[in-house]
Every structure is written in structure tokens, then in C-alpha cells.
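For the sequence shown, the working numbering assigns the number 199 to the last residue and increments by one with no breaks.
Using N, Cα and C, we set each Cβ at its ideal position, and we do this for glycine too.
Because the structure is a prediction, the values reported are computed rather than measured.
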Amino acid sequence: MLKLQLTRDGAYDDEYLELPATLADVGEVMSQLDETSSNVASTRIYGAISDVWNIGRYLKRANVNDPDHLKKLNRIAEIVNTLGREQCLVFEGALDAESVNGLDDVIAIGERLEDYILVPEITTDRELGVCLVEFGVKPFSESVRPYLDFGKIGAEYYADHGGAYISCGYVLRKDSADQALLDFTQPHPAQEFGGMNIG
Numbered sequence: 001m002l003k004l005q006l007t008r009d010g011a012y013d014d015e016y017l018e019l020p021a022t023l024a025d026v027g028e029v030m031s032q033l034d035e036t037s038s039n040v041a042s043t044r045i046y047g048a049i050s051d052v053w054n055i056g057r058y059l060k061r062a063n064v065n066d067p068d069h070l071k072k073l074n075r076i077a078e079i080v081n082t083l084g085r086e087q088c089l090v091f092e093g094a095l096d097a098e099s100v101n102g103l104d105d106v107i108a109i110g111e112r113l114e115d116y117i118l119v120p121e122i123t124t125d126r127e128l129g130v131c132l133v134e135f136g137v138k139p140f141s142e143s144v145r146p147y148l149d150f151g152k153i154g155a156e157y158y159a160d161h162g163g164a165y166i167s168c169g170y171v172l173r174k175d176s177a178d179q180a181l182l183d184f185t186q187p188h189p190a191q192e193f194g195g196m197n198i199g
């Protein structure tokens with residue numbers, strides 16, 4: 001689902017436009033906004049309601065009155081409407097991980113979600129560092145592990161490989177991830193971080 005929250009002249013009387021939408025749907029919402037202000041040029045996307053929680057910030061510069069923008073917004077909605085929960089999370093992280101300069105970038109990312117992985121339960125540099133050590137991406141002997149700065153290990157990996165932390169994991173491009181992380185994201189029964197506590 002993708003629903004745009006529209007406002008005019010910064011007023012608090014918002015209206016919602018569910019996508020995909022027709023020009024007639026946009027016209028109906030615009031007529032409702034006319035009751036707040038007749039300044040059509042001041043119409044803005046204030047936010048969005050979507051299963052891809054952060055997508056609204058990447059749509060704010062779009063103009064729903066522009067047929068080309070509306071076509072692209074509809075394409076984004078079509079993409080979102082086909083996604084399961086995990087794919088929505090990957091989309092969320094991929095948007096934050098990439099440089100997004102407009103609707104074309106949002107569409108391109110949405111159409112290539114298979115190029116990204118979600119490493120579950122890794123939401124901080126420290127948790128990433130523990131994961132990297134535990135799975136041998138950054139090998140250290142057991143004797144030195146209690147003295148490691150896992151936050152620094154994770155921060156260095158993040159700086160080198162990019163990606164983004166979201167509420168339930170770490171999203172990054174597959175071509176930037178080490179094989180151990182790729183293996184970790186594949187379904188395995190009873191996956192555990194050994195005896196290490198990543199919390």
C-alpha cells in the first residue's frame with residue numbers, strides 16, 4: 001500500500017491520495033484541498049503511509065499535478081504493492097543506503113531489490129562487529145575476542161561496504177557483502193550466534 005499525505009500552504013488539513021491513482025483521483029483530492037487554500041502551486045507531499053516506512057521522505061519533491069510524476073508515483077506504488085514484508089524492509093534499507101535524487105532512483109532501486117540482502121538482527125556497528133567476528137569475516141582467535149572493540153570492527157566494515165541499518169537488520173548490496181554474510185542470510189534451521197551475545 002502507498003498513500004500520499006498531501007497538504008497545501010502548510011495547513012494541517014491534509015488529504016490522502018491512494019496510489020496508483022488516476023488524474024481524476026488527483027483532481028478529487030485537489031478539490032478537497034481547495035477548501036483549505038486555492039494556491040494549487042503550494043500543494044506538497046507531506047508524508048506517506050506505506051509498508052516501506054521511510055518511502056515518504058523520498059517522494060516529497062514529487063508534484064502529483066505533473067502527469068509524468070504521477071506516472072512514476074504509480075509505478076512506485078505498483079512495486080510496493082507486490083512486496084512481502086521482508087522485501088519492504090529491504091526496500092527501506094536500500095533507499096537509505098543509496099543516493100536517491102528523484103523518483104527514477106526510487107523506481108530503479110525498487111526494481112532491483114534482489115541485488116540487496118537483509119542481515120537480520122544487526123542494527124548497530126557493535127552488532128555488526130560481533131556478527132563479522134562470529135562468522136569469520138573478520139577472523140580473530142578466541143583468546144583475543146573478549147578484548148575486541150566490536151563497534152569499531154562494525155563501523156569499519158560499514159564504512160567500506162556501505163548499506164544501512166533499519167529497525168530489524170542491516171541492508172546492503174549483495175556485491176558488496178562478504179560470502180559469510182551472504183551465507184548467513186540464506187534460510188538455515190536454528191541459526192545462532194554461537195555463545196556470543198550481540199545485544
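| query | result |
| --- | --- |
| With DSSP collapsed to three states, give me the class of residue 166. | strand |
| I need the straight-line Cα distance from residue 59 to residue 141, nearest angstrom please. | 47 Å |
| Whole angstroms is fine: what's the gap from residue 172's alpha carbon to residue 36's? | 43 Å |
| How about residue 8 and residue 43: do their beta carbons lie closer than 7 Å? | yes |
| Does residue 122 come within less than 7 Å of chain C when only Cβ atoms are used? | Absent from the structure: chain C. Only one protein chain is present. |
| Straight-line CA distance for residue 158 to residue 151? | 10 Å |
| Have a look at the DSSP bridge pairing and note the partners of residue 58. | Per DSSP, none; premise fails for residue 58. |
| Alpha carbon to alpha carbon, how far is residue 176 from residue 113? Give it in angstroms, no decimals. | 14 Å |
| Identify the residues that DSSP records as bridge partners of residue 45: which are they? | 6 |
| Which residues does DSSP pair with residue 17 in a beta bridge? | 4 |
| Using 10 angstroms around the beta-carbon of residue 98, count the other beta-carbons present and answer buried if the total reaches 16, otherwise exposed. | buried |
| Are residue 13 and residue 5 touching if we call contact CB-CB under 7 Å? | no |
| Taking the straight line between their C-alpha atoms, what separation do you get for residue 87 and residue 93? | 10 Å |
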